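When the letters of the sequence shown are read in order and numbered with our numbering, they come out as residues 341 to 732.
Where a beta carbon is used, it is the ideal one built from N, C-alpha and C, also for glycine.
Bear in mind the structure is a predicted one, so any value in this text is a computation, not a measurement.
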Amino acid sequence: MNNTREVEVEVVVVGAGQAGLSSAYHLRRTGFTPDEDFVVLDHSPGPGGAWQFRWPSLTYGKVHGMHALPGMELTGADPARPSAEVVSAYFDAYERAFDLRVRRPVDVRAVREGTGGRLRVETSAGTWSTRALINATGTWDRPFWPRYPGQETFRGRQLHTAQYPGPQAFAGLRVVVVGGGASGTQHLLEIAPYAAATTWVTRRPPVFREGPFDEDAGRSAVALVEERVRRGLPPRSVVSVTGLPLNDAVRQGLESGVLDRLPVFDRITPDGVEWNDGRRVDADVILWATGFRAAVDHLAPLRLREPGGGIRVEGTRVVADPRIHLVGYGPSASTIGANRAGRAAVRDIRRLLTEGARAGAPTDGARPAGGPVGGTPPDGALTAGAPAENAA
C-alpha cells in the first residue's frame, strides 16, 4: 500500500484473533466484501491470534472452553499437540475458507477523528478512512506487571506469563509464582516437578469452584463483568469472577502442598521476597502470572476513557462513539462470547451505516443504503446493543 494514500472502506477490523475473525465472518456473510467494504488488520506474524504465542507445554488437550469460530468447526485435533499449532492451523484454514484477506503484519498506531464523520486509522502499512471500526485487539500485548518496593534490585530473573517458556526452563531453580488465576495454578503445577522449590503468592485467597459450570452460572458471571464496563470501569476477565475449577490436577496440587497459597509479599530483595512479619523466601525466579489489560492504546486520540479508567460500553458499542465497537472486551472476552459479540457488533454497525446513509449524512463516497449495508441481517442475529451472551 502507498503510505501517503488514504483508502476508504466501510469498516476496519483491528485484530484477527477469535473476536476479529468472528466479526469479519459476519461482515462477509451479510454482504460486505473484503478489501472493498472492509479490511482486517493484524499485527501478528501469522494466523492464530494470541494462541500462536502460547507456551509449548500448553497442549490442546489442556485447553478448556475453546469454542469453534462461526461457520467452521475445529475437528480431529490431536490433544497432545501444542495448542499454538492447533489453533494457528485452524485460524489459517478459516481465513482461507471464508476469504477474509487478513493483512499482516500491520501495526495500528493510532485511530483519530477524520473528515466527514469518518475515522482515520493510521498504521505501519498506510492509512484507512472508515465509517466504523471493530476493535478486537484482546489483551495479550499488554501484560500487567505490578510494582513492589525493591523490584529493581532483584538479582534473579523476572518474567511474565506472556514470556513463559515451559516448565523445563525452571529446572533446579527456586521459583515464586505471583497470581491467583488459572495461569498461576497451571504454571505451578507444571513447574513443581522440575524446580528446586516453588512458592505461590496471591493478593486474595483463591476461590475454587466445584461442580459443573452451567449456563445460568455463566450468565451471572458475565453480568458482573458487564456491569463494570457499563459504568466505565476497567473490565475484569470473566474467569476472575467464576473461580478456579477444582479438577483432579488442582486437587492433587492442594494435597501435595504445591498450591499452598501465601499472601503477597511486601517487598522484593536482591535474593528473594519478604513480608512485614519477618518471613522471607529466597528465589531465583519471580514469575508474574498477573494477567493482562485491554490493548486499546491506539484509541487514545479519541479520548474514550471514562473517569473510572475504562471505556464505557453497551453490548459492544462504545457509548461515547457509536462508530466504534469493542469485541473481545470485558464480557465478550471468552471464545464463545467473542463469537456472539462479533455478530452483534456487525448488526449494530449495519444499522448505523444504513441510518446514516438514509439521513444523508456525509459519507465521503461510502456506499448508500441498498449496497452492503442495506440487506437483511442474518437469521438469529442479536439485537443491536444487547449484551452478548458468554460462558466462562
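Nearest to residue i (by Cα), restricted to the options the options
{"i": "residue 631", "options": "696, 652, 527, 367", "result": "527"}
{"i": "residue 327", "options": "393, 376, 355", "result": "Absent from the structure is residue 327, since the part of the chain shown begins at 341 and ends at 732."}
{"i": "residue 544", "options": "519, 550, 524", "result": "519"}
{"i": "residue 537", "options": "623, 440, 398", "result": "623"}
{"i": "residue 362", "options": "617, 685, 426, 691", "result": "685"}
{"i": "residue 643", "options": "429, 389, 453, 419", "result": "453"}
{"i": "residue 455", "options": "662, 471, 569", "result": "471"}
{"i": "residue 399", "options": "418, 352, 447", "result": "418"}
{"i": "residue 611", "options": "649, 626, 507", "result": "626"}
{"i": "residue 494", "options": "613, 372, 462", "result": "613"}
{"i": "residue 352", "options": "364, 432, 569", "result": "364"}
{"i": "residue 434", "options": "447, 664, 402, 388", "result": "388"}
{"i": "residue 570", "options": "633, 647, 502", "result": "647"}
{"i": "residue 486", "options": "680, 406, 605", "result": "605"}
{"i": "residue 422", "options": "407, 402, 416, 408", "result": "402"}
{"i": "residue 550", "options": "617, 498, 587", "result": "587"}
{"i": "residue 589", "options": "370, 695, 522", "result": "522"}
Inter-residue CB distance, residue i and residue j (contact presumed, cutoff 8 angstroms)
{"i": "residue 469", "j": "residue 347", "result": "7 angstroms"}
{"i": "residue 513", "j": "residue 535", "result": "6 angstroms"}
{"i": "residue 524", "j": "residue 629", "result": "4 angstroms"}
{"i": "residue 441", "j": "residue 374", "result": "4 angstroms"}
{"i": "residue 379", "j": "residue 638", "result": "Not a contact, Cβ separation roughly 15 angstroms."}
{"i": "residue 603", "j": "residue 669", "result": "The pair is not a contact, with the Cβ atoms about 31 angstroms apart (cut-off 8 angstroms)."}
{"i": "residue 601", "j": "residue 542", "result": "6 angstroms"}
{"i": "residue 615", "j": "residue 505", "result": "In fact, because the Cβ distance is near 29 angstroms, the residues do not count as touching under 8 angstroms."}
{"i": "residue 662", "j": "residue 692", "result": "6 angstroms"}
{"i": "residue 649", "j": "residue 573", "result": "7 angstroms"}
{"i": "residue 682", "j": "residue 359", "result": "6 angstroms"}
{"i": "residue 664", "j": "residue 473", "result": "5 angstroms"}
With 16 other Cβ atoms within 10 Å as the buried cut-off, status of residue i
{"i": "residue 596", "result": "exposed"}
{"i": "residue 467", "result": "buried"}
{"i": "residue 377", "result": "buried"}
{"i": "residue 392", "result": "buried"}
{"i": "residue 410", "result": "buried"}
{"i": "residue 547", "result": "exposed"}
{"i": "residue 449", "result": "exposed"}
{"i": "residue 640", "result": "exposed"}
{"i": "residue 530", "result": "buried"}
{"i": "residue 447", "result": "exposed"}
{"i": "residue 345", "result": "exposed"}
{"i": "residue 687", "result": "buried"}
Spatial neighbours of residue i in its chain, beta-carbon cut-off 7 angstroms, leaving aside the 5 residues before and after
{"i": "residue 437", "result": "412"}
{"i": "residue 635", "result": "477, 478, 479, 481, 482"}
{"i": "residue 666", "result": "475, 651, 653, 656, 658"}
{"i": "residue 705", "result": "Note on residue 705: pLDDT 37, under 50, position unreliable in the model; no value is reported."}
{"i": "residue 710", "result": "In this prediction, residue 710 scores a pLDDT of 34, lower than 50, which makes its location untrustworthy; no coordinate-derived value is stated."}
{"i": "residue 645", "result": "651"}
{"i": "residue 397", "result": "506, 507, 530"}
{"i": "residue 428", "result": "386, 387, 388, 391, 392"}
{"i": "residue 678", "result": "358, 359, 362, 667, 668, 672"}
Bridge partner(s) assigned by DSSP for residue i
{"i": "residue 622", "result": "612"}
{"i": "residue 497", "result": "625"}
{"i": "residue 469", "result": "348, 460"}
{"i": "residue 452", "result": "460"}
{"i": "residue 537", "result": "514"}
{"i": "residue 654", "result": "657"}
{"i": "residue 531", "result": "According to DSSP, which records beta bridges pairwise, residue 531 is partnered with nothing at all."}
{"i": "residue 475", "result": "354, 666"}
{"i": "residue 379", "result": "352"}
Own chain partners of residue i with C-beta closer than 6 angstroms, once the 5 adjacent residues on each side are dropped
{"i": "residue 539", "result": "516, 621"}
{"i": "residue 764", "result": "Only positions 341 to 732 of the chain appear in this structure, which leaves residue 764 out of reach."}
{"i": "residue 445", "result": "383, 385"}
{"i": "residue 500", "result": "483, 628"}
{"i": "residue 430", "result": "414"}
{"i": "residue 593", "result": "529, 599"}
{"i": "residue 511", "result": "534"}
Sequence-distant residues of its chain with Cβ nearer than 8 angstroms to residue i (five each side left out)
{"i": "residue 439", "result": "368, 374"}
{"i": "residue 432", "result": "386, 387, 388"}
{"i": "residue 568", "result": "574, 575, 576, 650, 670"}
{"i": "residue 462", "result": "448, 449, 450, 451, 452"}
{"i": "residue 443", "result": "379, 380, 381, 382, 465"}
Proximity test, Cβ basis, 8 angstroms: residue i and chain B
{"i": "residue 424", "result": "In the structure shown, chain B cannot be found, because there is only a single protein chain."}
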